[in-house]
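Asker: Mind having a look at this structure? Questions to follow.
Residue numbers (the working numbering): 202 to 1129.
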């Protein structure tokens, strides 16, 4: 393969990289197209050179190349990286739909309007690239990815994952293990290794042919194959040192040496050249037009001709086609900053601010960096910029803007207010819990009184929840802040309404009726009236058994109006109101948007909330494998982000699936873990959820006594405890276990309580379960059969396969016991099919036994049963089948009775049975 030449003024051979370039070009050009690749390697290893070589090669095949380069200063300027990449396509924006065109114009700074949703921007960017690729293939190249601003990084990550089958490819470079906002999971990575010794030697010989052998050896040993170091180390040596006529300097760590080398080279440049490089560094995007105007603002005699010394020294190159200045290496721009004084940097920021009058967000950043004294006008501009970026979902940039605005606030109360806002964003969405704690300390120092503000207390409460999880204390703090606030209960006060939504959650977590009184008092005082969503959530999430039905129409209007909502916080709040009315299915796509935004670098807390709602809906709709996967994602995210309080949600969903599948040991241990954590912290909601898991696990094990105890621990039989919404979800468990344990009076009383509360009107799923409960307690077999048939014929019930199958199983069991064996076969067969599809092995076992009793020939070794027993499981099962108790088996085998129980838990689903009584027949069938 012929050596490739990098772009730029000088054309030098790419030494030792032919195979790397060929591999990348082949990967990006392979059949099927639409490939994405992340090039990783240490600083100075030659990533930019590789990008240049690939770009040159691809350009020769009529591929259109779009480039962007991350720069440190612009890391806080939203969509600055996307602007670099897509600006050459601005003429094609009119080919997009109005939604995509307008969103992209605002994001790229080419138009005015409301801040666009990041998902819309992402889809718009993808569509624009696909449109451009109709004429010729498109390659997007992004260098120095860790310095790309978070908003652009999220869009690039979104695009990179959706290129399959298109004529668009994506290539990005990033330092190994560099922090950044680009989510690279799932993308192919190409690690760029240092040059091997023959290639390193050749590179040094080509550039420095007169270098003495021993000096070259020292350079090679020090550089360790790093191309940048190989080229830069000899440049720092004097002519005598290069000729080995003078001792070489002491070796320093590579990174320090490179920084030092660059700094010395920059300091040797003329002053006007350094000023131009400083402007270029701070401007970030390399635009020569902006650089030229800013140079005149900084110094009337300054023009772009002053870049010549830097070009000659190969520190920068000018791309004539794109009209951009490009640094040869990111370390050069870092060294530019280090080589200048604070006064020089402030003057450059001021010059750029005077030029960027049509870009208020970037102008605000430059003014903020230039200011050295408090300046309310600049602080206000930064606060406004923060609002714009938070509306785009860029919480990290918003916190940075608010923090700088606070620094520049002349009045202590304004400083405290802006710090409190930053702390609230950090805790409520960004996941910046550690920095939020420091910000709150800054609030208290700036204005102790503001430490009692709603924003400060809301942030402090969320920090506290994720530290000790004390719900009662958090509730008291927030109630006091609301009652002592100066908001006048204005329903348009964002801080107040946000605090009310947080208080709603605290009341739910606490699970005590007394916690709701202050919430309702504050809700009644809101003027002119409480927001519709807050009012609906109060009824459907707080005490749905009594008030939920009254809010269904209101919730329906909200769902109809907001299904295309882009604000993650509002989507999550609508989801909260939709949990117990079983309306989460309507929010499935919006919830997935929130999760995808989170995966692409969006708000962590919203990411968790979206996962929670998808898990809850997924369990009821039969997506159990997805629930298990999303629960694992949520648990990992809780640990990584510090939002440890919310881990119990994901433990619950994972354990509920495990219990339903017969993985009883896992389900019980997880539920116990939830209880052990939640009980001392007063998180009764988590305790109730754990009881739900235990109840399902006990029914799966055929232990209906234990199931009854767990179900009634949430709400007594015959009563739907106030402000205990989860009691609705255990209603069928309670009634079924009561019927199976001869607690008929309690079962009837609970059905009467369900009727009195109108629970069936809250959702079709609850109507199904209440109808099943009524049929279970009805003594007359004909009436029971009619109730079962009516319940199961209702519309939409098949949306909830596990619940439907459980009611069908109960129907079949009742029909068989009424000797209507022929009629029993259809519901039992339907239930068995659903249980098998879900992997609900204990219920499959029950259905199988019932079907056998009707005379239907069901094989004993049916999948998913028939898994091989371990030797000890077989021995325990044989002794249990012979009539020995767990204690007697334990004594004979010298193990604990708990171990015996655990073995039997695992044995039943393997044999396809649900109780000890069926062991003998099941073991006999295995031996046939």
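Just so you know, even glycine gets a beta-carbon here, dropped at the ideal spot from N, CA and C.
#1: Going by Cα to Cα distance, which pick from 501, 767, 289, 496 is closest to residue 554?
#2: Quick check on residue 691: does DSSP put it in helix, strand or coil?
#3: May I ask you to report which of helix, strand or coil DSSP gives residue 451?
#4: Alpha carbon to alpha carbon, what distance is there between residue 285 and residue 870?
#5: In this structure, what does DSSP give as the bridge partners for residue 392?
#6: Among 515, 959, 679, whose alpha-carbon lies nearest the alpha-carbon of residue 697?
#7: Would you grab the beta carbon distance between residue 584 and residue 619 for me? Rounded to a whole angstrom, and I think it's under 8 Å.
#8: Would you kindly work out how many angstroms separate the C-alpha atoms of residue 694 and residue 318, rounded to a whole number?
#9: Between residue 786 and residue 818, how many whole angstroms is the CB-CB distance? I'm expecting something under 8 Å.
#10: Please identify the residue among 332, 798, 500 whose C-alpha is closest to the C-alpha of residue 298.
#11: Measuring CA to CA, which of 629, 604, 627, 628 is closest to residue 617?
#12: Compare the beta carbon distance of residue 821 and residue 1003 with 9 Å and say whether it is the shorter of the two.
#13: From what residue to what residue does the beta strand (DSSP E) around residue 265 run?
#14: Along the chain, where does the alpha helix (DSSP H) that runs through residue 257 open and close?
#15: Taking its Cβ as the centre, do 16 or more other Cβ atoms sit within 10 Å of residue 453, making it buried, or is it exposed?
#16: Considering only residues of the same chain and omitting the five flanking positions on each side of residue 826, which have a CB-CB separation below 8 Å?
#17: How big is the Cα-Cα spacing for residue 1015 and residue 976?
#18: Per DSSP, which one or two residues make a beta bridge with residue 728?
#19: Please name the residue in 689, 709, 913 whose C-alpha comes closest to that of residue 672.
#20: Which residues mark the beginning and the end of the beta strand (DSSP E) in which residue 341 is found?
#21: Pick out whichever of 515, 601, 571 has its Cα sitting closest to the Cα of residue 542.
#22: With DSSP collapsed to three states, give me the class of residue 1079.
#23: So, at 7 Å on beta carbons, what are the nonlocal neighbours of residue 651 in its own chain, with the 5 sequence-adjacent residues on each side left out?
#24: Hey, how far is the Cα of residue 426 from the Cα of residue 310?
#25: For the alpha helix (DSSP H) holding residue 228, just list the boundary residues, first then last.
#26: Which residue spans inside the segment 635-704 form an unbroken alpha helix (DSSP H) run of at least 4?
#27: I need the straight-line Cα distance from residue 804 to residue 323, nearest angstrom please.
#28: Quick one: what's got a C-beta closer than 8 Å to residue 397's C-beta in the same chain, skipping five residues either side?
#29: Threshold first: 4 residues or longer. Then list the alpha helix (DSSP H) segments lying entirely within the segment 395-446, N to C.
#30: Cutting at 6 Å between CB atoms, please list the residues of its own chain near residue 720, excluding the five before and the five after it.
#31: Which first and last residues belong to the alpha helix (DSSP H) in which residue 851 is found?
#32: Spatial neighbours of residue 767 within its chain, please: CB distance less than 6 Å, with the 5 preceding and 5 following residues excluded, ordered by chain position.
#33: Would DSSP call residue 947 helix, strand or coil?
#34: Give the C-beta separation of residue 389 and residue 347 to the nearest angstrom, bearing in mind that I take them to be a contact with Cβ-Cβ under 8 Å.
#35: Report back the beta-carbon spacing between residue 781 and residue 921 to the nearest angstrom; my notes put them in contact at under 8 Å.
#36: CB-CB under 7 Å to residue 883, same chain, minus the five flanking residues each way: which ones, in chain order?
Answerer: Once the coordinates are examined:
#1: For the purposes of this step, residue 554 is taken as residue 353 along the chain shown, with counting starting at 1. The option with the nearest alpha carbon to residue 554 is 496.
#2: For this step, residue 691 is matched to residue 490 along the chain shown. Note: residue 691 maps to strand in three-state DSSP.
#3: Position 250 of the chain shown holds residue 451. Any reading at residue 451 needs caution, since the residue's pLDDT is 38, under 50, leaving its predicted position unreliable; the model's value is listed next. Coil.
#4: Reading the chain shown from its first residue, position 669 is the one you call residue 870. Reading the chain shown from its first residue, position 84 is the one you call residue 285. One C-alpha to the other measures close to 53 Å.
#5: For the purposes of this step, residue 392 is taken as the residue at position 191 of the chain shown. In the DSSP assignment, residue 392 forms a beta bridge with 241.
#6: The residue labelled residue 697 in the question sits at position 496 within the chain shown. When 515, 959, 679 are compared, the shortest CA-CA separation from residue 697 is found for 679.
#7: Working through the chain shown from its first residue, we reach residue 584 at position 383. Working through the chain shown from its first residue, we reach residue 619 at position 418. Sure, about 6 Å apart at Cβ, within 8 Å.
#8: Position 493 of the chain shown, counting from 1, holds the residue named residue 694. Position 117 of the chain shown, counting from 1, holds the residue named residue 318. About 23 Å.
#9: Stepping through the chain shown from its first residue, residue 786 is reached at position 585. Stepping through the chain shown from its first residue, residue 818 is reached at position 617. Correct: roughly 6 Å between the Cβ atoms.
#10: Here residue 298 corresponds to residue number 97 of the chain shown, with the count starting at 1. Ranking 332, 798, 500 by Cα distance to residue 298 puts 332 first.
#11: Taking the chain shown and counting its residues from 1, one reaches residue 617 at position 416. Out of 629, 604, 627, 628, the CA that lies nearest to the CA of residue 617 is found in 604.
#12: To locate residue 821, count along the chain shown from 1; it is residue 620. To locate residue 1003, count along the chain shown from 1; it is residue 802. Cβ distance < 9 Å, so residue 821 and residue 1003 count as in contact.
#13: In the chain shown, the residue the question calls residue 265 occupies position 64. Start and end: 265-270.
#14: In the chain shown, residue 257 corresponds to position 56, counting from 1. Start and end: 248-260.
#15: Here the question's residue 453 lines up with position 252 in the chain shown. Its pLDDT being 31, under 50, residue 453 is placed unreliably by the model, and the measurement read from it follows with that caveat. Its Cβ having fewer than 16 others within 10 Å, residue 453 is exposed.
#16: Counting from one through the chain shown, the residue named residue 826 turns up at place 625. None.
#17: The sequence position of residue 1015 within the chain shown is 814, counting from 1. The sequence position of residue 976 within the chain shown is 775, counting from 1. A direct Cα-Cα distance of roughly 9 Å separates residue 1015 from residue 976.
#18: What you label residue 728 is simply residue 527 of the chain shown in a count that begins at 1. For residue 728, which the question treats as bridged, DSSP gives the partners 691.
#19: Looking up residue 672 in the chain shown gives position 471. Ranked by Cα distance from residue 672, the options 689, 709, 913 are led by 709.
#20: Residue mapping note: residue 341 aligns to position 140 of the chain shown, counting from 1. Segment 339-344, the beta strand (DSSP E) holding residue 341.
#21: Position 341 of the chain shown, counted from the start, is the residue given in the question as residue 542. It is 571 whose Cα lies nearest to the Cα of residue 542.
#22: Here residue 1079 is taken as the residue at index 878 of the chain shown, counted from 1. Residue 1079 falls in the helix class under three-state DSSP.
#23: What you label residue 651 is simply residue 450 of the chain shown in a count that begins at 1. Setting aside the 5 residues that flank it on each side, residue 651 is surrounded in the same chain by 614, 617, 618, 621, 644, 657, each with a C-beta closer than 7 Å to its C-beta; the list follows chain order.
#24: Position 225 of the chain shown holds residue 426. Position 109 of the chain shown holds residue 310. Those two C-alpha atoms are separated by around 42 Å.
#25: Position 27 of the chain shown, counting from 1, holds the residue named residue 228. Run containing residue 228: 219-230, per the alpha helix (DSSP H) assignment.
#26: 655-666, 672-685
#27: Along the chain shown, one-based indexing puts residue 804 at 603. Along the chain shown, one-based indexing puts residue 323 at 122. Their Cα atoms are separated by approximately 16 Å.
#28: Mapped onto the chain shown, residue 397 falls at position 196. Answer for residue 397: 217, 426, listed in chain order.
#29: 398-408, 414-424, 428-433, 440-443
#30: Residue mapping note: residue 720 aligns to position 519 of the chain shown, counting from 1. Taken in chain order, the residues that qualify are 704, 708.
#31: Here residue 851 corresponds to residue number 650 of the chain shown, with the count starting at 1. 848-861 is the span of the alpha helix (DSSP H), which, as asked, contains residue 851.
#32: For this step, residue 767 is matched to residue 566 along the chain shown. So the list reads 318, once near-sequence residues are dropped.
#33: Against the chain shown, residue 947 aligns to sequence position 746. Three-state DSSP puts residue 947 in a helix.
#34: Position 188 of the chain shown, counted from the start, is the residue given in the question as residue 389. Position 146 of the chain shown, counted from the start, is the residue given in the question as residue 347. Not really, about 19 Å apart at Cβ, beyond 8 Å.
#35: Your numbering for residue 781 matches position 580 in the chain shown. Your numbering for residue 921 matches position 720 in the chain shown. Not really, about 12 Å apart at Cβ, beyond 8 Å.
#36: For the purposes of this step, residue 883 is taken as the residue at position 682 of the chain shown. Closer than 7 Å at the Cβ level, and outside the excluded window around residue 883, lie 671, 672, 673, 711.
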